[in-house]
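Written below as structure tokens is the structure these notes are about.
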């Protein structure tokens, strides 16, 4: 059931039957892109690719699935027999997981017959949209903490079991150091982290006893939750008493704040720890944190060593969905590739036609300058080359453009991941994806990454792609009038 091909929008199946009955098996190209950055930010972190590729390779209809579809009285017996043997046999191109991405550029390109491309739409968008949202949110929180230690504590507030484990994976890519989700630790190898709940302390006759028992159990990993009763008059005092015993054993300890004025309390707790001679004892905080609160606390000099973030991390906070879409961009006909595009009264929903590649241009120092969409076909007529001077246009194909000479080596971002339904290589480990995301982020100036009013990164199209788009627009307008 978990990887049933029924995990698709119903219209994908009604269209699929239409393609099958009308022998519409021509090769098509679909692209996934998104329309605007979440959280009012200047970047997003591409995540979910590893999960998607693993799911697609075994995406199929079980006997139970076929029985259900038959009960709907919508599908021919012949089509249902066809679905019994369905598997994705197409080709999939994508950016590296962990890549910093921007609106209007294809992050995934799928090539296959119309039917198979259509059926995987729901799966693809569900996985990539959610994990990209959470990876992006986590990265914002992580950068706000000045790349501090960030703990993802969101299991109990996530949208269901799958939402929780997917969020843990995506958060790790985006910058978290570990998770409270034990299953995510087992499945993905993410470090698992956690201390104690208030219930632990309340179950004992005294706070000091609760800390003592915990310290005896976990002398190497003792973090005391100090706000159950009174943070300054009770919690920190008992933590210092028990902590002194650990220090005498050559151990260290920490304390956690989960309520109250974090700025004031962390400052006072730090003072009391230092006065007791425990300058290496650390402070971790939680309490419904997000990137804006953490950035403020950091700017105010709150002496916090690590951050526990849950609800607003794994749910996306005030923005609960990523705007990724999946659109047809080309169909192969008798005479080759026929580019197609969606027209709209809303210019933001007008798509870019044809089979495309995305190039990231960097300056001579390696800093990212712009991402460029070009036509990608067998003629290699729209390749970008180092040392060449180009005129790049706004994706809306209007008058806005910039002229640029490419100063550094340039590489295409879309790479082949699947061919004929098979993986083309070994998937990178989650740790490798996490490291790549951090390195890729470093290629961008801080102005693109600030929380307030970030600089807008250029995504442009080549002159050849612009001309193709204008040609299709003119052809469409001619047919209308």
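Numbering (the numbering used here), first residue to last: 16 to 496.
Using N, Cα and C, we set each Cβ at its ideal position, and we do this for glycine too.
Bear in mind that the values here come from a model prediction, so they are computed numbers and not experimental data.
Self-check item: Straight-line gap, residue 28 to residue 86 (C-alpha atoms, nearest Å)
Solution: 14 Å
Quiz prompt | Buried/exposed call for residue 26, threshold 16 Cβ in 10 Å | solution = The residue in question, residue 26, is exposed, as its Cβ has fewer than 16 Cβ neighbours within 10 Å.
Quiz item: Per DSSP, what kind of secondary structure is residue 167 in: helix, strand or coil?
Solution: It is a strand residue.
Quiz item: Rounded C-beta distance between residue 138 and residue 22? I'm assuming under 8 Å.
Solution: 6 Å
Self-check item: Own chain partners of residue 418 with C-beta closer than 6 Å, once the 5 adjacent residues on each side are dropped
Solution: 406
Self-check item: Distance between residue 126 and residue 283 (C-alpha atoms, nearest Å)
Solution: 60 Å
Exercise. Below 8 Å CB to CB, which residues in the same chain sit around residue 398 once its five sequence neighbours on both sides are set aside?
Key: 389
Quiz prompt | Selected residue, minimal CA-CA separation from residue 211, among 241, 185, 235 | solution = 241
Quiz item: Counting only runs that start and end within the region 59-144, where is the alpha helix (DSSP H) found for 4 or more residues in a row?
Solution: 64-71, 78-86, 92-99, 129-134
Practice problem: Could you tell me whether the Cβ atoms of residue 2 and residue 341 are closer together than 8 Å? | Solution: Residue coverage of the chain in this structure runs from 16 to 496, which leaves residue 2 outside it and unanswerable.
Self-check item: Meets three-Cβ-pair contact criterion under 8 Å: the region 338-354 and the region 318-326
Solution: no
Exercise. Would you list, in sequence order, the uninterrupted beta strand (DSSP E) runs of no fewer than 3 residues that lie entirely inside the region 186-272?
Key: You should have 238-240, 269-272.
Quiz item: Under 8 Å, do residue 235 and residue 256 count as touching if we go by C-beta distance?
Solution: In this structure, residue 256 does not lie closer than 8 Å to residue 235 by Cβ.
Self-check item: Element boundaries [alpha helix (DSSP H), containing residue 451]
Solution: 445-456
Quiz item: If you draw a straight line from the alpha carbon of residue 200 to that of residue 176, how long is it in whole angstroms?
Solution: About 14 Å.
Quiz item: In three-state DSSP terms, what is residue 281?
Solution: helix
Exercise. For residue 395, collect the residues of the same chain with a Cβ closer than 7 Å to its Cβ; drop the 5 residues on either side in sequence, then sort them by chain order.
Key: none
Exercise. Would you mind reading off the limits of the alpha helix (DSSP H) that contains residue 403?
Key: Here residue 403 belongs to no alpha helix (DSSP H), and DSSP marks it neither H nor E.
Exercise. Could you spell out the range, first to last residue, of the beta strand (DSSP E) harbouring residue 472?
Key: It is not in any beta strand (DSSP E) - residue 472 carries neither H nor E in the DSSP assignment.
Quiz item: If we count the other Cβ atoms within 10 Å of its Cβ and call it buried at 16 or more, is residue 358 buried or exposed?
Solution: exposed
Self-check item: Own chain, CB closer than 8 Å to residue 475, minus 5 neighbours either side, in chain order
Solution: 385, 386, 387, 388, 407, 408, 409, 410, 416, 417
Quiz prompt | residue 353 in three-state terms, based on DSSP | solution = Residue 353: strand per DSSP, three-state reduction.
Quiz item: What residue from 275, 115, 414 has the CA that sits closest to residue 151's CA?
Solution: 115
Quiz prompt | Alpha-carbon spacing of residue 181 relative to residue 146, whole angstroms | solution = 7 Å
Quiz item: Between the C-alpha atoms of residue 174 and residue 421, what's the straight-line distance to the nearest angstrom?
Solution: Pairing residue 174 with residue 421, the inter-Cα distance amounts to about 45 Å.
Practice problem: Along the beta strand (DSSP E) that carries residue 442, what are the first and last residues, could you check? | Solution: Counting along the chain, residue 442 falls outside any beta strand (DSSP E), and DSSP gives it neither H nor E.
Quiz item: Quick one: what's got a C-beta closer than 6 Å to residue 431's C-beta in the same chain, skipping five residues either side?
Solution: Excluding its 5 nearest sequence neighbours in each direction, residue 431 has C-beta neighbours in its own chain below 6 Å: 108, 439, listed in chain order.
Quiz item: Buried or exposed: where does residue 306 fall if 16 or more other Cβ atoms within 10 Å of its Cβ makes it buried?
Solution: buried
Quiz item: Thinking C-alpha only, which one of 301, 317, 319 is nearest residue 328?
Solution: The residue with the shortest Cα to Cα distance from residue 328 is 301.
Quiz item: When burial is assigned at 16 or more other CB atoms within 10 Å of the CB, is residue 53 buried or exposed?
Solution: Residue 53 comes out buried.
Practice problem: Inspect the CB distances between the region 41-48 and the region 87-104 and report whether three or more fall short of 8 Å. | Solution: no
Exercise. To the nearest angstrom, report how far apart residue 330 and residue 149 are at their CA atoms.
Key: 7 Å
Quiz item: CA-CA distance, residue 435 and residue 106?
Solution: Residue 435 and residue 106 have their alpha carbons spaced roughly 6 Å apart.
Quiz item: What do you reckon, are the CB atoms on residue 164 and residue 195 nearer than 8 Å?
Solution: no
Quiz item: Between residue 122 and residue 429, what straight-line distance do the alpha-carbon atoms span, to the nearest angstrom?
Solution: Spanning the two alpha carbons is a distance of roughly 7 Å.
Quiz item: Going by C-alpha distance, which of 50, 160, 263, 84 is nearest residue 119?
Solution: 50
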